[in-house]
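Visitor: With positions in the sequence shown counted from 1, the corresponding number in this note's numbering is that position plus 1.
Here it is: the structure, laid out below.
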Amino acid sequence: MSKELGMTTTRRVHANTQRRIRRLARMLVGKVVIVRTLFGTFTGCLLSVGPNTVRLRIFSGIGRTFITIRIPIGIIIDIFRFRCP
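Have a look at this one:
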């Protein structure tokens with residue numbers, strides 16, 4: 002069972018960056034990705050992309066559970082696929 006958490010802020014990245022992130026994220030649904038935000042970096046499975054948020058499932062490490070977080074597209078600096086060597 003997983004919990005869903007959300008992030009909120011008033012800080013935003015440029016509108017062009019938001020469009021680029023939204024376009025890239027739609028191609029990466031179902032894949033393991035790295036999401037760099039204004040507040041930190043998250044690695045997990047990209048579950049879905051909404052009009053303003055992405056949903057990412059990450060391993061919490063506490064109690065060996067997975068949590069789902071909603072990250073506003075407006076705070077994402079970069080998103081890319083996690084590649085294994």
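We put the beta carbon where it would ideally sit given N, CA and C, even for glycine.
Does I63 come out as helix, strand or coil in the three-state DSSP assignment?
Guide: Locating residue 63 in the sequence shown gives position 62, counting from the first residue. In the structure shown, I63 sits in coil (DSSP, three-state: anything other than H, G, I, E or B).
Visitor: Among residues of its own chain, excluding the 5 on either side of G75, which ones have a beta-carbon nearer than 7 angstroms to its beta-carbon?
Guide: As a working mapping, residue 75 is identified with position 74 in the sequence shown. Closer than 7 angstroms at the Cβ level, and outside the excluded window around G75, lie R13, V14, Q19.
Visitor: Take M2 and list the residues in its own chain whose beta-carbon comes closer than 6 angstroms to its own, dropping the five residues that flank it on each side.
Guide: Within the sequence shown, numbered from 1, the residue matching residue 2 stands at position 1. Model confidence at M2 stands at a pLDDT of 49, short of 50, so the residue's coordinates are unreliable and nothing is read from them.
Visitor: Taking V1 and L57 to be in contact with their CB atoms under 8 angstroms, please state how far apart those CB atoms are, rounded to whole angstroms.
Guide: Any answer about residue 1 is impossible in this case: the structure gives the chain only from 2 up to 86.
Visitor: Going along the chain, which residues of its own chain have a beta-carbon closer than 7 angstroms to the beta-carbon of A26, five neighbours each way excluded?
Guide: Position 25 of the sequence shown holds residue 26. Only L47, V50, V55, I80 meet the Cβ criterion.
Visitor: Assign G64 to one of two classes, buried (16 or more other C-beta atoms within 10 Å of its C-beta) or exposed (fewer than that).
Guide: Here the question's residue 64 lines up with position 63 in the sequence shown. Counting C-beta atoms within 10 angstroms of its own C-beta, G64 has fewer than 16 neighbours from the protein chains shown and is therefore classed as exposed.
Visitor: How should I72 be labelled, buried or exposed, when 16 other C-beta atoms within 10 angstroms of its C-beta is the threshold for buried?
Guide: Working through the sequence shown from its first residue, we reach residue 72 at position 71. I72 is buried by the Cβ-count criterion.
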